[in-house]
Amino acid sequence: MSSLSQEEIDALISQIGGPGAPVREHIESKRIKSFDFRFNKRLDKFSNNQLQTLRTLHENFTRLLNNSLSVYLRTRVEASIVSIEQISYGDFIASIGIPSILAIFSVDPLPGSGIVQVDLNLVFSIIDRLLGGPGWFPSKLRDLTDIERTLMQRFMARMLNSYRESWNYLLTLSLKIEALDSNPQFIPRIIPLDQVIAYISMELKIGDMAGVMNFCLPYLVLQSIGSQLTDFQWSPTVVAGRGMTEEDVMQLTRSVERADVDLLVELGHTRVSLRDLVSLRQGDIVVFDRPTSEPLRVEVNDKEKFRVFPGIHRDRLAAQVARIIHTDDE
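Everything in the sequence shown is counted per our numbering, starting at 7 for the first residue and increasing by one.
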């Protein structure tokens, strides 16, 4: 085996530096990979099964939230999942739009805390509805007043009740708001910026208003229940096996008590001409076909439920229940 001469070596070097140089540069460029020195750890803490379990739990949360908030805000509420992924906590903080409302909540008995973030325009729409308005929000967003902050804390607490209930099929959590602010810079760093979190992005529609609601669940918080997240199977037997706790019954009772129903009291019937109808004035008397000694018919959601006597209570029109109507399908 003969070695290359100096002339042959020089010839090879000149060829590499000549027309073939771009090929070498292309090969070298393929070897270059981007590297973020802030987050140098692999973002693969959650398995696919665990992420799928989180999706299932949060899909159940959207169904519970739709029912709970529709009653609370007296309008149509639709929550839906946009995406579930694992990212770094630093990326989550950097992605938060300003202004927003962020709430840190404890997840006892699990260690650490979670975060929920809601767009501020959606927050003002919610507050306007809580105060009896149609759901408007100011054209120029601002920080919340003390009264608005209190209303938002109550709203967040109600939302977390549905969140807790959605987790009951896996484990029983006690959720409590620890901090609430409109600027992410003032939210304490619950974990290091390079730590992995489960990032659940949701769209929340309240009436004609839509906005984003995001959940941040650190891996360090869910690590202790990793096997449960992996092996979880959603089925009717899971629900039946857990059973209804006393707290579940109380929550269901409160939800039913706050439900809106249509109530109609039928005073009676009569026939009048169109001429007499359009000429009616305040103080005129209309005679019905029902004597005052007989109770009136009351319908609840188009079904007869009571017979009542009309009256007045503290300068308000009222009715005293005389009899409850029981139907065959009750």
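Built from N, CA and C at the ideal position, the CB exists for glycine as well.
Neighbour-count burial assignment, residue i, 16 or more Cβ in a 10 Å radius
| i | result |
| --- | --- |
| G138 | exposed |
| V278 | exposed |
| S233 | exposed |
| D125 | buried |
| G26 | Low per-residue confidence applies at G26: pLDDT is 49, beneath 50, and the placement is therefore not dependable, though the value from the model is reported in the following sentence. By the neighbour-count rule (16 or more Cβ atoms within 10 Å), G26 is not buried but exposed. |
| R135 | buried |
| Q123 | buried |
| R262 | In the sequence under discussion, the amino acid at residue 262 is Val, which differs from the Arg named in the question. Label assigned to V262: exposed. |
| E300 | exposed |
| Q12 | exposed |
| I318 | exposed |
| T59 | buried |
| D256 | As written in the sequence, residue 256 is Met, which differs from the Asp given in the question. Under this definition M256 is an exposed residue. |
| S230 | exposed |
| E171 | buried |
| N409 | Outside the shown range of the chain, which is 7 to 336, sits residue 409, and nothing can be said about it. |
| H64 | buried |
| S180 | exposed |
| Q56 | buried |
| V83 | buried |
| L280 | exposed |
| V292 | exposed |
| R320 | exposed |
| S131 | buried |
Residues near residue i in its chain [Cβ-Cβ closer than 7 Å; skip 5 each side]
| i | result |
| --- | --- |
| F52 | Q92, A204 and Y225 |
| V284 | none |
| N127 | F143, L147 and G217 |
| I110 | S119, I121, E184, A185, I193 and I196 |
| V88 | S207, M208 and E209 |
Cβ-based neighbour list, residue i, same chain, cut-off 8 Å, excluding 5 preceding and 5 following
| i | result |
| --- | --- |
| Q273 | First, the amino acid is wrong: residue 273 is Leu here, not Gln. Only F294, R296, L302 and P316 meet the Cβ criterion. |
| R80 | R135 and D266 |
| A163 | I183 |
| L176 | T59, L63, I231, Q234, L235 and F238 |
Which residues DSSP lists as bridging residue i, in chain order
| i | result |
| --- | --- |
| K182 | S112 |
| D187 | L108 |
| Y175 | Beta-bridge pairing links Y175 to no other residue. |
| R322 | H319 |
| F221 | V122 and I206 |
| L269 | V306 |
| I330 | F312 |
| K211 | E84 and A216 |
Whole-angstrom C-beta distance between residue j and residue i, which should lie under 8 Å
| i | j | result |
| --- | --- | --- |
| I183 | E154 | The Cβ separation is near 15 Å, so there is no contact. |
| M208 | A85 | 6 Å |
| S168 | S74 | 5 Å |
| V304 | V267 | Incorrect: roughly 11 Å between the Cβ atoms, too far for contact. |
| D149 | S188 | 5 Å |
Chain-order list of residues whose beta-carbon lies under 6 Å from that of residue i (same chain, five-residue window excluded)
| i | result |
| --- | --- |
| R329 | R313 |
| L228 | none |
| L199 | Y95 and G96 |
| V29 | The predicted model places V29 with a pLDDT of 49, which falls under 50 and marks its position as unreliable; any figure quoted below should be read in that light. If we look at V29 and ignore the five residues flanking it on each side, it has no Cβ neighbours. |
| L157 | I133 and L136 |
| H275 | D295 |
| P105 | L126, L147 and S188 |
Any non-hydrogen atom of the ligand NAP within 8 Å of residue i CB
| i | result |
| --- | --- |
| D125 | With respect to the ligand NAP, the structure offers nothing, as it holds no ligand at all. |
Exercise for review: Go through the region 76 to 133 residue by residue and report every complete run of the alpha helix (DSSP H) that reaches 4 residues or more, in order.
Suggested key: Counting only runs of 4 or more residues that sit fully inside the region 76 to 133, the alpha helix (DSSP H) segments are 95 to 101, in chain order.
Practice item. Only counting runs of 3 or more residues, tell me where the beta strand (DSSP E) segments fall wholly within the region 126 to 170, in order along the chain. Key: As far as the region 126 to 170 is concerned, it has no whole beta strand (DSSP E) run of at least 3 residues.
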